[in-house]
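Chemist: Residue numbers (this note's numbering): 75 to 312. Note that beta-carbon positions come from the ideal geometry of N, C-alpha and C, so glycine has one too.
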């Protein structure tokens, strides 16, 4: 084997090893049977990798122009989560989201994608980090230390901000691409909405916070019910 062939084969082997080291979980929320529109998302499997959703009863499968999506049954808080496989060093979550006002002028609704160790169905991703997008196009990346005595997670106490931004390309009448990525080796967080940067490689070291991650998914509060809310959920693990 000459040197040129050797390095070509070597490069292919390296590329294959990198591909094999990556796990992708996808769910467009379509399907039949128990995955039909109107059915609960809870205890159903993702379309790839067969990861099992755990969600509040209000999170339902829906349909948007013939494609699958998620809707919520009312405007209360909701959460849907998947277990994070062990030894995941880089976690990237992507989803299309359309946060619509619930009609209650006293509450500004939002949708979040994130990861953490939320107790039960707490929507704030306790112990972890998340990207939120509200109905007015304001995005924020935040972290939430694990609960201490006297901290009421249900009121969002303990939430700390990294960075926020007004999304200029926010689509009030359609889906918006939300992305958050955590690199545990580098200790950094990055996030985008519609390719607009919210934060880029924010160093968690300066906060003294280390995420405790067991699950990932999406959550939200005070959003319009029975309309397409979220679609094309993708998780990439390395």
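Applying the 10 Å Cβ sphere with the 16-neighbour rule, what's the burial state of residue 193?
Modeler: Burial call: exposed.
Chemist: How big is the Cα-Cα spacing for residue 143 and residue 220?
Modeler: Rounded to whole angstroms, residue 143 to residue 220 spans 31 Å at the Cα level.
Chemist: Please return the same chain residues whose Cβ sits closer than 6 Å to the Cβ of residue 279, not counting the five positions on each side in sequence.
Modeler: These residues qualify, in order along the chain: 261.
Chemist: Under 8 Å, with one C-beta from each stretch per pair, do the stretch 250-257 and the stretch 122-135 reach the 3-pair mark?
Modeler: In short, these stretches do not touch, since the Cβ pair count stays below three.
Chemist: Taking DSSP as the reference, what is the three-state secondary structure of residue 279?
Modeler: Residue 279 falls in the helix class under three-state DSSP.
Chemist: When DSSP builds the beta bridges, which residues end up paired with residue 249?
Modeler: Answer is none; residue 249 lacks a bridge partner.
Chemist: Our contact map puts residue 205 next to residue 272 with C-beta atoms below 8 Å; I'd like the distance itself, whole angstroms only.
Modeler: Contact flag correct, Cβ pair sits at about 7 Å.
Chemist: So, helix, strand or coil for residue 123, using DSSP?
Modeler: Reduced to three states, the DSSP call for residue 123 is coil.
Chemist: Tell me whether residue 180 is buried or exposed, calling it buried when 16 or more other Cβ atoms sit within 10 Å of its Cβ.
Modeler: The residue is exposed, with fewer than 16 neighbouring Cβ atoms inside 10 Å.
Chemist: Inspect the CB distances between the stretch 124-137 and the stretch 211-218 and report whether three or more fall short of 8 Å.
Modeler: With the cut-off at 8 Å, the stretch 124-137 and the stretch 211-218 do not touch.
Chemist: Could you name each continuous beta strand (DSSP E) segment of 3 residues or more that falls completely within the stretch 94-161, going from the start of the chain to the end?
Modeler: 97-101, 133-138, 141-146 and 152-157, all fully within the stretch 94-161.
Chemist: Closer than 7 Å by C-beta to residue 277: which residues in its own chain qualify, once you throw out the five before and the five after it? Chain order, please.
Modeler: Cβ within range, chain order: 261 and 262.
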